[in-house]
Amino acid sequence: MNFSLKQVADLLQNVSTVILTAHVHPDGDCLGSMLALNEYLASRGKSVKMILDDEVPALYKFLPEHETIGKPTTKVISADLLIVLDASDIERIGKVKEHVNAPILNIDHHISNTKFADYWYINSKSAATGEIIFELLKLLNAKITPTIATCLYTAIATDCGFFRYANTSVQTMRYAADLIEFGAKPNAISEYMETKPLESILTLAKVLETLELHHHGKIATITVSPDTLDTLDSTEGFINYPRIIEGVEIAIMFKVMNEGTIRISFRSKTVDVSKLALSFGGGGHARAAGCAIVGKIEDIKIKVLNSAVKQLAGKTL
Ligand code: 5GP
Ligand code: MN
0 MNFSLKQVAD LLQNVSTVIL TAHVHPDGDC LGSMLALNEY LASRGKSVKM ILDDEVPALY
60 KFLPEHETIG KPTTKVISAD LLIVLDASDI ERIGKVKEHV NAPILNIDHH ISNTKFADYW
120 YINSKSAATG EIIFELLKLL NAKITPTIAT CLYTAIATDC GFFRYANTSV QTMRYAADLI
180 EFGAKPNAIS EYMETKPLES ILTLAKVLET LELHHHGKIA TITVSPDTLD TLDSTEGFIN
240 YPRIIEGVEI AIMFKVMNEG TIRISFRSKT VDVSKLALSF GGGGHARAAG CAIVGKIEDI
300 KIKVLNSAVK QLAGKTL
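Under numbering that gives the first Met the number 0, the first residue of the sequence shown carries the number 0, and numbering increases by one thereafter.
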C-alpha cells in the first residue's frame with residue numbers, strides 16, 4: 000500500500016517493537032538513514048533493533064552506534080514492524096527476510112523499486128533515503144541531535160557524491176545546510192572517509208591496470224579479482240576512475256567474488272543505467288546502478304558489454 004509521509008509518521012507512533020534493516024553491501028545512505036531512525040525511535044521509548052546481513056565497511060565506522068547493528072540468525076523473530084531502508088527489492092536485505100516475521104514498511108528513493116512491502120513510501124526525486132528520513136523526523140517534531148545530524152548528513156552527502164552528481168538538488172543543499180546547523184561536521188566526515196590504509200591505495204593501483212576501453216572509448220571497465228578483494232575493506236570510489244575519463248559515457252566495475260558471483264556497478268553520464276541493471280536482475284538510479292550475476296567473468300563481461308552498447312545505441316534491452 001502506497002503511504003504518504005504522514006501515514007508513515009502515524010504508523011511509527013502506533014508501533015512499539017521495530018526492527019530496522021537496510022541493503023547488503025551497505026553504503027553511507029542506508030547506514031546513516033538506519034542509525035538516525037534508530038536513535039529517534041529509541042528516544043521515543045520504542046523497542047528497536049538494527050539488523051543487517053553484512054559488515055559495516057571501515058570507512059563508515061565513525062557513524063555513532065554502528066557497533067550496535069546486529070546480524071540475522073536462523074531463528075525467526077517477530078516485531079510490530081520491519082522497516083526496510085534504501086532497498087529497492089526484498090532480495091537486497093539478504094537473510095533478514097527469513098529472520099524477521101513482521102509487516103514491512105519500505106522507505107526508499109530508487110526509481111527501480113519493486114513495491115515489495117506491505118506499506119511503502121518511495122520518492123525517486125530524493126537524492127538519498129536520508130533526505131526522506133530528515134523530512135519524516137521533522138514531521139514527527141523530532142529533536143535533531145548532533146548524532147542524528149551526522150548520520151543524515153553522511154547519508155545525503157555520500158549518495159550525491161558530496162554534492163557533485165546530477166541528483167544534487169536545491170533541497171539536497173538546503174537539507175545539508177540544516178544538518179550542519181544541527182551539528183554535522185562536513186570536514187570531519189569527509190576526512191574520516193577519505194583516509195585509507197596504504198594497502199588500499201596500492202590495491203587501487205593494481206585494479207586500475209585492468210582498465211579497458213570499449214565502443215570507441217564510450218564504455219570503460221575495471222575488474223576486481225577475488226585476491227584483490229581479500230586485501231580490501233571496500234571498493235567504494237573505484238568506479239569513479241573509469242567514470243571520469245574523457246569521452247566515457249558508461250563506466251562498469253566487475254567484482255569477481257569468491258563464491259562465483261560477479262557484482263557489477265554501473266555509472267553513466269548520459270543513458271539510464273538502472274534499465275541496464277534491471278535487465279540483469281538488479282536496480283538502482285539513472286546514473287548509478289548495480290546487479291549481481293552468477294557465472295564466468297569472461298561470459299558475463301561479453302553479455303554486459305553487448306547490452307551497454309545496445310543501450311548507447313538507444314535500443315531497448
Ligand atoms: P553501487 O554500484 O554503488 O554498489 O550501487 C549503485 C546503486 O545501484 C545503488 O543505489 C544501489 O542500491 C544499486 N544497486 C547496486 N547493486 C544492486 C543490486 O544487486 N540490486 C539492486 N536492486 N540494486 C543495486
Ligand atoms: Mn540511497
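All C-beta atoms in this analysis are idealised placements derived from N, C-alpha and C, irrespective of residue type, glycine included.
Per the C-alpha coordinates, the member of Leu197, Asp52, Thr260 and His214 positioned closest to Pro225 is Thr260. Taking C-beta atoms under 8 angstroms as the contact rule, Ala57 and Ser233 qualify, at a distance of about 7 angstroms. Within the chosen limit of 7 angstroms, the ligand 5GP does not reach the beta carbon of Gly294 with any heavy atom. Excluding sequence positions up to five before and after Thr16, its CB lies within less than 6 angstroms of the CB of Ser46, Ala78 and Asp79, all in the same chain and listed in chain order. Exclusion of His24 from the 7 angstroms shell around the ligand MN follows from its C-beta lying no nearer than that to any non-hydrogen atom of the ligand. For Lys74, no beta strand (DSSP E) run applies, since DSSP gives it neither H nor E. For Arg163, the secondary structure class from DSSP, reduced to helix, strand or coil, is coil.
CA-to-CA, the gap between Asn100 and Glu208 works out to about 46 angstroms. Sequence-distant partners of Ser3 (beyond 5 residues in either direction) whose C-beta falls short of 8 angstroms from its own C-beta, in its chain, are Tyr120.
Counting only residues of its own chain and dropping the five nearest sequence neighbours on each side, Thr146 has a CB closer than 7 angstroms to the CB of Glu38 and Pro63. Taking 7 angstroms as the cut-off, the C-beta of Ser111 counts as close to a heavy atom of the ligand 5GP. By the 16-neighbour rule on beta-carbons within 10 angstroms, Pro102 is exposed. DSSP lists no beta-bridge partner residue for Tyr39. Of all C-beta pairs linking the region 26-40 to the region 163-177, fewer than three are shorter than 8 angstroms, placing the two stretches out of contact. With fewer than three CB-CB distances shorter than 8 angstroms, the region 49-56 does not count as touching the region 173-191. Under DSSP, Ala291 forms a beta bridge with Arg262. Rounded to whole angstroms, the Cβ separation of Asp88 and Thr128 is 14 angstroms, and the two are not in contact under 8 angstroms. For Asp79, the three-state secondary structure derived from DSSP is coil.
DSSP assignment within the region 220-265 yields the following whole alpha helix (DSSP H) runs of 4 residues or more, N-terminal first: 225-229 and 239-242. Scanning its chain for C-beta atoms nearer than 7 angstroms, with the 5 sequence neighbours on each side dropped, one finds around Gly282 the residues Ser87, Asp88, His109, Ser111, Ser273, Ala276 and Ala288, in chain order. The beta carbon of Asp53 sits no closer than 7 angstroms to any heavy atom of the ligand MN. Less than 8 angstroms separates the beta-carbon of Asp52 from that of Ile92.
Ala126 has no beta-bridge partner at all, per DSSP.
In the structure shown, the three-state DSSP call for Ser267 is strand. Ser264 sits away from Arg286, with the two beta carbons spaced by 8 angstroms or more. Only exposed fits Asn305, as fewer than 16 other CB atoms lie within 10 angstroms of its CB. Under the 10 Å beta carbon count, Met0 is surrounded by fewer than 16 other beta carbons and is classified as exposed.
Counting of Cβ neighbours within 10 angstroms places His24 among the buried residues, the total reaching 16 or more. By the Cβ criterion, the region 185-195 is not in contact with the region 211-222, since fewer than three pairs of Cβ atoms, one from each stretch, lie closer than 8 angstroms.
Within the region 167-216, the complete alpha helix (DSSP H) segments of 4 residues or longer fall at 169-180, 185-193 and 197-207, listed in chain order.
Here the alpha carbons of Ile155 and Ala126 stand approximately 7 angstroms from one another.
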